[in-house]
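Every number in this note's numbering is 927 more than the matching position in the sequence shown, counting from 1.
Below you'll find the structure, written out as structure tokens, and then a few comments.
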Amino acid sequence: MISSTEVCQPVLYHLASKRASVSLFYAAAPEAAITKQVVSFCNGYHIPIVLETTKEHIYEWIRNDQPDIVFITGYGLLLNVNGLGSLKYGVFNVHFGSLPNYRGPSPVFWQLKNGEKTIDVCIHKLTSKADAGPVVWRKSIANEEHHNYTFINQYLSNVLVEGVDFILNCLPGGKLMEFPQDETKAKYYSRPLLKDVMINWHTMQAAAIFNLCKACNSWNWGAITSYKGAELKILDATISTGQQNKEPGTIISVEKNLVVACLDGSCSINFMNLNGIFFPGRYAGNFGIAVDHRLGG
């Protein structure tokens, strides 16, 4: 396996428990604690792990290790397919998003932000074009209200075990079917920028704000707005459709929760992060947040 995130762990554990010969090539995550945790995990289960040192290291590793098959989960670089050499069963990329509709490096964020009813995990053959190879396995899960970015990534990392097992069982008998992607439906989403994680109270309806909070929890510690010039991040909100005569972003109540007027009603802010201080909405008044003041203004 090739990875740069901890989502590889459930598959590694599953394969190791079946006494499969499995090893990991790992590109260190930006957070040193994650890399340390992955190394400890591999050492604990006697899974060989190689830490990336250069961009060419991965090609050397494949030449030396000579694996029958490679699965890529969350590796940040687009690989030169020809440089990987000839593997018995090939190289497959794992994508936590619907293909070809959600190509790109952050599909979970965009599916949540766009309020998709389902979220997909796909495994496709690696090609020279990002996320464009034929799909060999996919599964959809319902996008539930309680789901957020971190939950989905952890959940799909376990669902992925089913897909890897399916492929490994199909390959020896030549039963693995390939489904080319429809390029007319292809859409590429880049990594979210600051503008993508900010709440615009005057253009976003309550449902869009709710979806953005899910998409930003917890990697960004919430969807961004402001209060009196201070950064306020909202991690969880509840939609209310009752009509309001207040300008969007205006605080309606701080009694039982922080309630804010939206374009099409209001939203109740359940949990937030004000300048790095995390607290539930029912304590908003204790932090100086007051009725008739505005968020984002």
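Positions of the beta carbon are idealized from the N, C-alpha and C atoms, including for glycine.
Do residue j and residue i count as a contact pair if the criterion is CB distance below 9 Å?
i	j	result
residue 1230	residue 1164	Residue 1230 is absent from the structure shown; the chain starts at 928 and stops at 1224.
residue 1055	residue 1004	no
residue 959	residue 931	no
residue 1203	residue 1169	no
residue 1152	residue 1178	no
residue 1090	residue 1021	yes
residue 1011	residue 989	yes
residue 1121	residue 1157	no
residue 969	residue 976	yes
residue 1198	residue 1205	yes
residue 950	residue 994	yes
From residue i to residue j, what does the alpha carbon distance come to, in whole angstroms?
i	j	result
residue 991	residue 1074	41 Å
residue 1030	residue 1212	43 Å
residue 1167	residue 1133	8 Å
residue 1106	residue 1027	11 Å
residue 928	residue 1046	23 Å
residue 1135	residue 1041	8 Å
residue 1049	residue 1093	12 Å
residue 1080	residue 1034	10 Å
residue 981	residue 1000	19 Å
residue 1071	residue 1043	10 Å
residue 1016	residue 1098	7 Å
residue 1057	residue 1032	9 Å
residue 1095	residue 1013	18 Å
residue 1023	residue 1060	14 Å
So if DSSP puts residue i in a beta bridge, which residue, or which two residues, is it bridged to?
i	result
residue 1199	1161, 1206
residue 1069	1045
residue 1000	930, 1021
residue 978	953
Can we say the region 1081-1096 touches the region 933-941, given the rule of at least three CB pairs closer than 8 Å?
yes
Where are the beta strand (DSSP E) runs, 3 residues long or more, that stay fully inside the region 1119-1191, in chain order?
1150-1154, 1157-1167, 1178-1180, 1185-1189
Does the region 1214-1221 come into contact with the region 1181-1190, if we say contact requires no fewer than three beta-carbon pairs (one atom in each stretch) closer than 8 Å?
yes
Three or more beta-carbon pairs under 8 Å between the region 1167-1179 and the region 1106-1113, yes or no?
no
Every unbroken alpha helix (DSSP H) inside the region 950-976 [4 residues or more]
959-971
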